[in-house]
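What follows is a single structure, written as structure tokens, with notes after it.
There are 2 protein chains.
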Amino acid sequence: MASGKTTPGGEPPARTTGGPPDTAVLAPPAGTLTAGRALTGYLREQATAFLRGLGLRSEREGQADALLRGSARRIAAVLHTYAPLTEPGWAEALRGELGWLTSTLGREPQHTGRLARLLEALRRLSTAGVPESVLAEVEGGGTGSGPLALGAARAAALLERQLTLARTRAHSAALQAVGSSRFHGLADSMAVLASEVPLTGRAADPAPAVLPPLAAQAYQRLCDAADALPLGRAALPYNAEAVQASLGAELTADLQDAPWHQVRILLRLARYAAEVPGVEPYGDDRLVEAAQVLGRHREAAESAAAVAAAARTPRIAPATAYALGVLHADQRHEVEAARFAFSRLWQGLPPAPEGDRPLPGPRG
Amino acid sequence: MASGKTTPGGEPPARTTGGPPDTAVLAPPAGTLTAGRALTGYLREQATAFLRGLGLRSEREGQADALLRGSARRIAAVLHTYAPLTEPGWAEALRGELGWLTSTLGREPQHTGRLARLLEALRRLSTAGVPESVLAEVEGGGTGSGPLALGAARAAALLERQLTLARTRAHSAALQAVGSSRFHGLADSMAVLASEVPLTGRAADPAPAVLPPLAAQAYQRLCDAADALPLGRAALPYNAEAVQASLGAELTADLQDAPWHQVRILLRLARYAAEVPGVEPYGDDRLVEAAQVLGRHREAAESAAAVAAAARTPRIAPATAYALGVLHADQRHEVEAARFAFSRLWQGLPPAPEGDRPLPGPRG
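Residue numbers (my numbering), protein chains in the order written: chain A, 12 to 375; chain B, 12 to 375.
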């Protein structure tokens with residue numbers, strides 16, 4: 012707790028250590044932004060975005076939900092990273108509710124995206140890969156013919172049916188959630204978030220002394236987890252690691268993918284931590300790119316799992332099952348391609364900071 | 012024909028141009044190896060290897076057939092590259108017989124290799140890809156469980172049955188071929204090969220003036236064909252080109268693969284051309300490596316086709332078809348990985364020579 016850090020001027024900052032949680036926003040020493048004020052300012056901004064999303068919902072549901080999810084994710088993330096500044100019981104309860112909401116609202120767009128991804132992949136897999144002019148010269152050639160293409164069409168129809176059903180169910184669940192008293196309780200918490208943050212004594216310290224070290228810890232956790240990934244193997248193209256799991260028990264794919272998914276979450280925490288005023292972001296634009304790459308990693312992994320689930324549908328034709336097998340392997344290769352891209356990106360990123368000392372090297 | 016080439020000393024070489032083919036080995040001008048003598052020396056060496064293979068056949072069939080095929084391929088290749096030195100009708104007939112033999116004897120080892128490759132791939136695809144220690148901690152985990160693993164086992168059994176049958180048939184066909192009068196005729200040709208090569212007038216020219224330009228043409232044909240490949244796309248890992256064909260008509264895979272197979276053949280011609288005494292090899296060890304890579308390309312492409320054929324077996328279970336689909340896509344990814352490796356290798360090779368001028372740059 013008492014880290015012995017000093018302000019840029021070299022004097023020990025004025026602060027209360029080890030005291031009981033203080034439920035009011037503490038007044039800053041003259042001219043200094045306190046950590047509590049910086050944090051509550053950010054939370055207010057995000058709560059406002061949340062409420063704006065709520066107001067939009069009757070007109071533009073998709074856009075509104077994206078706003079709701081974005082701000083809920085950010086609030087939950089900064090409450091996690093800056094946990095020493097808020098009362099633990101309160102913060103954990105709120106994070107739990109925010110997690111419920113983001114996962115409930117997130118399912119419908121996930122199913123939509125997954126279906127689009129898989130239909131696009133099937134289209135790509137059924138495409139010739141040779142110029143049309145060459146195909147036109149060959150009798151009986153062209154795309155879309157043969158039993159394989161028939162299997163692809165049937166697989167597409169099966170996936171469309173299953174994922175549309177899943178999407179419809181997710182939509183109903185989201186509607187039900189938004190109409191629930193649980194949701195209304197969460198919306199009320201958002202409306203009063205800025206004024207009701209139960210801060211700890213440490214929140215009265217100047218923001219520059221408190222926030223950067225906590226953000227650095229979040230970045231350090233990201234670095235530790237990323238460095239523990241099998242980056243050496245992933246940096247070799249066509250290493251076949253991600254497809255190893257294609258025909259194993261489903262569990263094995265989950266176990267293999269989990270550390271990568273974990274890094275995706277830590278990456279998000281590190282990025283959101285740096286959005287709080289007074290915290291310099293680590294890394295550079297590659298961190299944003301790395302987040303996108305790991306997003307693709309998750310989408311491909313979950314799409315592969317959806318294909319495996321579809322293949323367990325009783326009484327499907329062998330041609331359909333065959334096409335689903337090709338598609339499953341294709342998505343596992345997309346998983347591997349994302350790992351390859353991440354490993355290249357990550358190995359170009361600045362090294363992890365030592366301890367909780369903030370690194371130089373913000374953007375630009 | 013009359014190329015205007017001069018010997019290193021600058022004087023026009025003594026030679027006969029445009030005359031009728033000469034069926035005797037021409038005597039060399041004092042102290043100079045003629046092209047005909049260099050070529051027939053190489054052919055004699057290869058014919059001896061062929062006859063040694065023939066003698067071995069009763070004891071060690073596999074080893075003997077590899078010798079027979081290796082020398083038959085080399086003789087056919089140099090007759091092609093150095094075609095202006097021999098009477099066309101004779102050379103083409105002999106090359107036809109040699110081609111018949113190499114393809115007849117090559118089928119059995121191909122089926123053996125294909126089965127081993129596919130069983131190994133199925134094993135890899137069913138393997139966890141997570142440490143055993145992690146799996147051991149998870150209840151019900153581990154490899155080999157679940158419907159996917161069952162499908163993999165059935166797919167392995169199906170491929171084993173089909174490819175073993177194909178291998179047995181190929182073995183019978185090879186036995187029959189070796190016992191045929193057609194084969195005895197070919198063996199007789201081998202026994203008298205060195206003394207009965209019907210050379211053209213150009214074969215009387217000094218070897219250094221005739222052979223290197225013809226070898227350079229072979230290398231040039233290789234370079235032209237390799238440079239026409241989609242190397243830019245192949246050099247990007249996970250470009251998904253080779254898997255595009257996975258669910259298309261079978262023809263489209265063949266059309267996409269054909270230019271790569273063609274380069275594999277041209278590479279072999281260029282390498283064998285350089286085995287004739289007095290010809291400096293082009294490129295370096297990467298040429299050998301490139302040949303291996305394109306060998307893997309062909310094996311993976313043909314293995315994928317064998318998997319697709321197995322998937323057309325009537326009344327297979329959906330789980331089997333699914334595993335075959337995964338395996339097919341995996342082999343098409345191996346095709347892509349080989350293209351990636353080739354494109355990297357090739358782009359590091361020396362540039363193509365201009366015209367038929369021999370390039371400097373032998374090994375070492």
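The beta carbon of each residue, even a glycine, is placed where N, CA and C say it ideally should be.
Measuring from the CB of residue i, is there a heavy atom of the ligand PLP at a distance below 6 Å?
{"i": "V221 (chain A)", "result": "Looking for the ligand PLP in the displayed structure turns up nothing, as the structure carries no ligands at all."}
In chain B, which residues lie with their C-beta within 7 Å of the C-beta of residue i?
{"i": "L136 (chain A)", "result": "V254, Q255, S257 and L258"}
{"i": "I327 (chain A)", "result": "P329"}
{"i": "A163 (chain A)", "result": "L258"}
Helix, strand or coil: how does DSSP classify residue i here?
{"i": "T97 (chain B)", "result": "strand"}
{"i": "P248 (chain A)", "result": "coil"}
{"i": "P217 (chain A)", "result": "strand"}
{"i": "L210 (chain A)", "result": "strand"}
{"i": "P32 (chain A)", "result": "Its pLDDT being 43, under 50, P32 (chain A) is placed unreliably by the model, and the measurement read from it follows with that caveat. Looking at P32 (chain A) - three-state DSSP - the assignment turns out to be coil, as it is neither helix nor strand."}
{"i": "G107 (chain B)", "result": "helix"}
{"i": "V287 (chain B)", "result": "coil"}
{"i": "G407 (chain A)", "result": "Outside the modelled stretch of chain A, which goes from 12 to 375, sits residue 407 (chain A), for which no answer is possible."}
{"i": "A13 (chain A)", "result": "Its pLDDT being 36, under 50, A13 (chain A) is placed unreliably by the model, and nothing is read from it."}
{"i": "R180 (chain A)", "result": "helix"}
{"i": "T138 (chain A)", "result": "coil"}
{"i": "T43 (chain B)", "result": "coil"}
{"i": "P270 (chain A)", "result": "helix"}
{"i": "Y293 (chain B)", "result": "coil"}
{"i": "A224 (chain A)", "result": "Per the sequence shown, the amino acid found at residue 224 (chain A) is Pro instead of Ala. Three-state DSSP puts P224 (chain A) in a helix."}
{"i": "R125 (chain B)", "result": "helix"}
Quick check on residue i - is its C-beta less than 7 Å from some C-beta in chain E?
{"i": "Y53 (chain B)", "result": "In the displayed structure, chain E is absent; the protein chains listed are A and B."}
Please report the residue range of the alpha helix (DSSP H) in which residue i lies.
{"i": "T51 (chain B)", "result": "A46 to L67"}
{"i": "S200 (chain B)", "result": "S192 to A202"}
{"i": "Q255 (chain B)", "result": "It is not in any alpha helix (DSSP H) - Q255 (chain B) carries neither H nor E in the DSSP assignment."}
{"i": "G336 (chain A)", "result": "P329 to Q358"}
{"i": "L240 (chain B)", "result": "No alpha helix (DSSP H) holds L240 (chain B); DSSP gives it neither H nor E."}
{"i": "A322 (chain A)", "result": "D296 to A322"}
{"i": "A205 (chain A)", "result": "It is not in any alpha helix (DSSP H) - A205 (chain A) carries neither H nor E in the DSSP assignment."}
{"i": "E72 (chain A)", "result": "E72 to T92"}
In chain B, what lies closer than 8 Å to residue i by C-beta?
{"i": "V304 (chain A)", "result": "The contacting residues do not exist; V304 (chain A) stays about 12 Å from chain B at best."}
{"i": "H272 (chain A)", "result": "What H272 (chain A) touches in chain B: nothing, since even the nearest Cβ is about 14 Å away."}
{"i": "H308 (chain A)", "result": "Chain B residues near H308 (chain A): none, gap ~12 Å exceeds 8 Å."}
Using the C-alpha atoms, what's the distance from residue j back to residue i?
{"i": "I276 (chain B)", "j": "W271 (chain A)", "result": "43 Å"}
{"i": "L176 (chain A)", "j": "G73 (chain A)", "result": "18 Å"}
{"i": "R68 (chain A)", "j": "R85 (chain A)", "result": "19 Å"}
{"i": "G359 (chain B)", "j": "S82 (chain B)", "result": "30 Å"}
{"i": "V287 (chain B)", "j": "A49 (chain B)", "result": "7 Å"}
{"i": "F194 (chain B)", "j": "A181 (chain B)", "result": "16 Å"}
{"i": "D216 (chain B)", "j": "L233 (chain B)", "result": "26 Å"}
{"i": "A394 (chain B)", "j": "E347 (chain B)", "result": "Past the edges of chain B, shown from 12 to 375, lies residue 394 (chain B), and the structure says nothing about it."}
{"i": "Y93 (chain B)", "j": "L222 (chain B)", "result": "7 Å"}
{"i": "P248 (chain B)", "j": "A328 (chain A)", "result": "33 Å"}
{"i": "A60 (chain B)", "j": "V274 (chain B)", "result": "26 Å"}
{"i": "Q173 (chain A)", "j": "E300 (chain A)", "result": "32 Å"}
{"i": "P364 (chain A)", "j": "A284 (chain A)", "result": "Caution applies to P364 (chain A), whose pLDDT of 46 falls short of 50 and renders its modelled position unreliable; the value that the coordinates give is listed next. Approximately 15 Å, taken between the alpha carbons."}
{"i": "S192 (chain B)", "j": "L161 (chain A)", "result": "47 Å"}
{"i": "T331 (chain A)", "j": "A315 (chain A)", "result": "15 Å"}
{"i": "A75 (chain B)", "j": "V189 (chain B)", "result": "12 Å"}
{"i": "R355 (chain B)", "j": "D296 (chain B)", "result": "14 Å"}
Given that residue i touches chain A, what residues does it touch there, using C-beta distances under 8 Å?
{"i": "L335 (chain B)", "result": "Y333 and G336"}
{"i": "A348 (chain B)", "result": "P248 and Y249"}
List the residues of chain B that residue i touches, going by C-beta distances under 9 Å, in chain order.
{"i": "F351 (chain A)", "result": "P248 and Y249"}
Give the residues of chain A in contact with residue i, contact being defined as C-beta atoms less than 7 Å apart.
{"i": "D341 (chain B)", "result": "V254 and A340"}
{"i": "A311 (chain B)", "result": "Those within 7 Å of A311 (chain B) in chain A number zero; the least Cβ separation is about 11 Å."}
{"i": "H195 (chain B)", "result": "Near H195 (chain B) there are no residues of chain A at all, since even the closest Cβ is about 40 Å away, more than 7 Å."}
Name, please, each residue of chain A whose Cβ falls closer than 9 Å to the Cβ of residue i.
{"i": "A320 (chain B)", "result": "Those within 9 Å of A320 (chain B) in chain A number zero; the least Cβ separation is about 11 Å."}
Should the stretch 226–246 of chain A be regarded as contacting the stretch 277–292 of chain A, the criterion being three or more beta carbon pairs within less than 8 Å?
yes
Is the number of C-beta pairs between the stretch 124–140 of chain B and the stretch 103–114 of chain B that are closer than 8 Å three or more?
no
Does the stretch 315–328 of chain A come into contact with the stretch 203–223 of chain A, if we say contact requires no fewer than three beta-carbon pairs (one atom in each stretch) closer than 8 Å?
no
Evaluate the contact criterion for the stretch 335–343 of chain A versus the stretch 231–240 of chain B: three or more CB pairs, one atom per stretch, below 8 Å.
no
Using 8 Å as the threshold, is the stretch 304–314 of chain B in touch with the stretch 297–316 of chain A, meaning 3 or more CB pairs across them?
Contact between the stretch 304–314 of chain B and the stretch 297–316 of chain A is absent, because fewer than three Cβ pairs lie under 8 Å.
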